[in-house]
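In my numbering, the protein residues as written are 189 to 441.
Worksheet for the structure shown next.
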Amino acid sequence: MKVATITTAGKQVDLSYLDQGEGMPVLLVHGFASNKEINWANTGWLRDLNHAGFRTIAFDNRGHGASTKFYQPGDYSLEWMAEDAINLLDHLGVGQAHLIGYSMGARISTTLAMHHGARFGRVVLSGNGWGMVEGSGDWTPVHDALLAPSLDAVTDARGRAFRAFADQTGSDRAALAACVTGVRELIPETWLPYIQNEVMVAIGTEDDLAGSGEKLADALPNGRYLAIPGRDHMKAVGDRVHKQGAIAFLTEN
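Right under this line is the structure:
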């Protein structure tokens, strides 16, 4: 594990990251309440991408894992979290990389493709479909669940799921509560026609958080859709169909 000290929007951020393998770099952006190990290392993504001939760069988003924590919602936005990623690539001297993002990481990755498309080759948006445009319900119960005295005090189903996940990962729940409030802005539909990268949208068929993957893929000039059979939002991450489909997409001519 390494740490890059960067400056985004005038604030210093220490980003913990893993950088391994050789070949075309792939930047991996994890989901909310996760981290680089849980989202990418433990699920076999880094191993499989390295075996396929890619260099992998996976980092902890601000507020997550071993990276800098902030406790005000105003310190979290898709734009700033995307700039963190660009600043990490600059720190590493990486001019261009493929891009894979899961859930919140897919929204960050869409922001990257919109504002920094030339820095990226192919893009995989996983675990987030049309929900990034139209919203995916009320996340206030997740905020409240993260700050509740215990899991037993949480009754909302989505809140319980994310509180249990945060407890499992040993996350800083106060930082996550600030993040989930600050980073809820939607992706403007008007952005999508301007994203010229080849994009794969990959979503579990049982995912009730992501929204339609087909609709998002159809709205992108160079989009395609991969269904991950029988998987919900949590279980789609490390699914074999997901990984094999993404690697095939990144390696095709």
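Cβ coordinates follow ideal geometry from the N, Cα and C atoms, glycine included.
Within the continuous alpha helix (DSSP H) that includes residue i, where are the two ends?
i, result
"P376", "It is not in any alpha helix (DSSP H) - P376 carries neither H nor E in the DSSP assignment."
"M269", "266-280"
"F234", "Before going further, note that residue 234 is Leu rather than Phe in the sequence given. Its alpha helix (DSSP H) spans residues 233-239."
"M320", "319-322"
State the DSSP-derived secondary structure class of residue i, mapped to helix, strand or coil.
i, result
"S297", "helix"
"L408", "coil"
"Y382", "helix"
"P417", "coil"
"F308", "strand"
"P261", "helix"
"L397", "coil"
"V368", "helix"
"M388", "strand"
"M422", "coil"
Check this for me: beta carbons of residue i and residue j, under 8 Å apart or not?
i, j, result
"A390", "H430", "yes"
"T393", "E271", "no"
"Q384", "P409", "yes"
"L339", "D355", "yes"
"M320", "L374", "yes"
"M302", "V371", "no"
"S297", "A254", "no"
Output the boundary residues of the beta strand (DSSP E) element that contains residue i.
i, result
"Q200", "199-208"
"F242", "242-247"
"T195", "190-196"
Quick one: is residue i buried, meaning 16 or more other Cβ sit within 10 Å of its Cβ, or exposed?
i, result
"P213", "buried"
"K190", "exposed"
"A294", "buried"
"E225", "buried"
"A273", "buried"
"G411", "buried"
"H218", "buried"
"L335", "exposed"
"R428", "exposed"
Measuring CA to CA, which of the options is closest to residue i?
i, options, result
"A436", "G253, H252, H286, A254", "H286"
"P337", "A405, R351, G309, G370", "R351"
"K403", "I416, F247, G317, D395", "G317"
"G281", "D207, D248, S400, R346", "D207"
"L215", "G289, G262, D332, L374", "G289"
"H252", "D396, A365, V311, D332", "A365"
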